[in-house]
Each structure stands twice: as structure tokens, then as C-alpha cells.
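Have a look at the structure below before the remarks.
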Amino acid sequence: MSTLTAVKEDLNFNRIVSRQFDRAAKYLRIDPALLGQIKACNNVYYFQFPVRFHGEHYEIFEGWRAEHSQHQKPVKGGIRFSDMVSQDEIMALAALMTYKCAIVDVPFGGSKGGVRFNPKKYTAEQIEKITRRFTAELIRKEYIGPGENVPGPDVGTGEREMAWIADTFDTFRPGGIDNLACVTGKPVSLGGIAGRREATGRGVQYGLREAFRHAEDMKKIGLTAGLEGKTVVFQGFGNVG
């Protein structure tokens, strides 16, 4: 194995998440076989789908939806539109959703989905077609639905895309009394929650506030407790930064 290949494998997002799990698992008195089951991603649906744009012009897109764990239902996790989307990334993020929900005792399993393309290079009309076509594939394989698998916004998606997803689901499953519950992050006018757009950033704010309350921890890194008078720099490539 070449040095470059070894470095790439070491930086693989899914491998990083697995190593983090293994380090934490050392402190648990749980049978190794059960730990292996907890760590494994239960299902990954990979598919290609065509979208017709103007005239007879078609483009083929790659999509994923992973369900890391169904120990609680529904499984929950965002859908991202990015030309950097990969199966390893989707599986890693689905696992992190499982762990995050479990840590704060939210009764959901972890899931994640994505389509590999750069939304900045497409018009709103084209993105709508991609979104609806992707949703149709998820519906066909039952990877979306109230009480089963509920997506939400992520990188490259927001209220607009969630509204298209909800409308597509309602078209395929007419008459369902809870059809709008097939997705979160919708506009308020479609049953979304006020404040959802800034919720992730607000969580970062609360996390920083709590961390800076611990004077002993702050002293170790040469800082004083509290946020007052401090300058903060954010760098991010996800839904917040």
C-alpha cells in the first residue's frame, strides 16, 4: 500500500467515525458483538436517476440514503446537495445522527441522504426537478415516510427543497393525514417550525456558552471563563459556517 493511499484511508470520514466509536466503546461493558452491531450501518441505498431538462437533454445523477440504525423510529437525518457527496460521507453522517440522538435521548435512529451535484451550477427549476426525482426514488424504495424515515435540510438544501419533497410525497401518497410529517425543515406555512433555519447555529452558540462557563477548563487553554469581551472566529463547511 502506497503512503498516499494509506493517508487517504486514514482520513476517510467513515473510518474516522468508526475509530471514534471504538475509543468510546472501550469504556462500556457491552459484548463486542453487540458493539459491532451498534457501529454497523444497517442499510445504504445507492442509485442513479435521470432528469430531463430542456428538450431532450438528460443528465444522470447519483443519490444515496443511508439508515444507520432503526433501533428507534423514525430514522432522522438531512439531505445534502453537493458535488462532494460520497457513500462514505453519507454513512458516516448517518452514524453520527444515531449517536447524537442517543446521547441527548431523542427517540430517533440515524439516517442521511444526498445527491452528488453542485446546486450553484443549476437553476431553481432544474434543482426542483432533481429534488422531486430523487424523492420519487426514495418513495419507491420506502426510504422516506412519516414514522419511518424523515429527512431534513442539510448542506445545499433548505426550506424550499423540503417543500418540494413534501409536495412530491403527497402526490405519490394522496390522502395521508400526516403526509407533511414526511420531512422537517419545511416553511412555516407548510407546518414548519419558526426558528428552524437558525437552529443549528443557535446550538453552536449554546454549546460555546456552556463550555466557557467552566473556568478550570478555560484556564488550561489560556482563557478566562465567560464569553464577554472575547472575539470568536467561525470556520465551517457545513450548514452553519
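Mapping to this note's numbering: the sequence shown position 164 is 164, numbers consecutive. We treat Cβ as the ideally placed atom computed from N, Cα and C, and that holds for glycine. Since we're looking at a predicted model, the values are computed, not measured.
| query | result |
| --- | --- |
| Run the CB neighbour count on Asn-118, radius 10 Å, all protein chains shown included, and call it buried at 16 or more, exposed below. | exposed |
| DSSP three-state call for Gly-229: helix, strand or coil? | coil |
| Please classify Pro-151 as buried or exposed, where buried requires at least 16 other C-beta atoms within 10 Å of its C-beta. | buried |
| Using the Cβ count rule (16 or more neighbours within 10 Å means buried), how would you classify Val-51? | buried |
| From Gly-226 to Leu-93, what does the alpha carbon distance come to, in whole angstroms? | 31 Å |
| Exposed or buried, what is Ala-199 when buried is set at 16 or more other beta-carbons lying within 10 Å of its beta-carbon? | exposed |
| Can you tell me which of the three DSSP states Ile-60 falls into? | strand |
| Considering only their Cβ atoms, is the gap separating Arg-196 from Tyr-143 smaller than 7 Å? | no |
| Does the Cβ-Cβ distance between Cys-41 and Met-84 come in under 7 Å? | no |
| Pick helix, strand or coil for Tyr-45, following the three-state DSSP scheme. | strand |
| So what's Phe-169 in DSSP terms, helix, strand or just coil? | helix |
| Take Thr-135 and list the residues in its own chain whose beta-carbon comes closer than 6 Å to its own, dropping the five residues that flank it on each side. | Ile-165 and Thr-168 |
| Please list the terminal residues of the continuous alpha helix (DSSP H) segment that includes Gly-203. | 199-211 |
| How many angstroms separate the CA atom of Arg-213 from the CA atom of Lys-220? | 13 Å |
| Locate the alpha helix (DSSP H) running through Gly-36, then write down its first and last residues. | 32-39 |
| I'd like the list of long-range same chain contacts for Cys-101, defined as Cβ closer than 8 Å, with 5 residues on each side in sequence excluded. | Gln-72, Lys-76, Pro-107, Phe-108, Gly-109 and Gly-110 |
| Please report the residue range of the alpha helix (DSSP H) in which Ser-18 lies. | 13-25 |
| Tell whether a beta-carbon distance below 7 Å holds between Glu-89 and Phe-13. | yes |
| Quick check on the DSSP output: the alpha helix (DSSP H) that includes Phe-81 runs from which residue to which? | Looking at the DSSP string, Phe-81 is not in any alpha helix (DSSP H); the run it does join, the beta strand (DSSP E), is 79-82. |
| So for Pro-50, helix, strand or coil by DSSP? | strand |
| With distances taken Cα to Cα, identify the nearest neighbour of Gln-87 among Glu-137, Asp-105, Tyr-99 and Glu-67. | Glu-67 |
| So, is Gly-175 buried or exposed, given that buried needs 16 or more other C-beta atoms within 10 angstroms? | exposed |
| Can you tell me which of the three DSSP states Ala-66 falls into? | strand |
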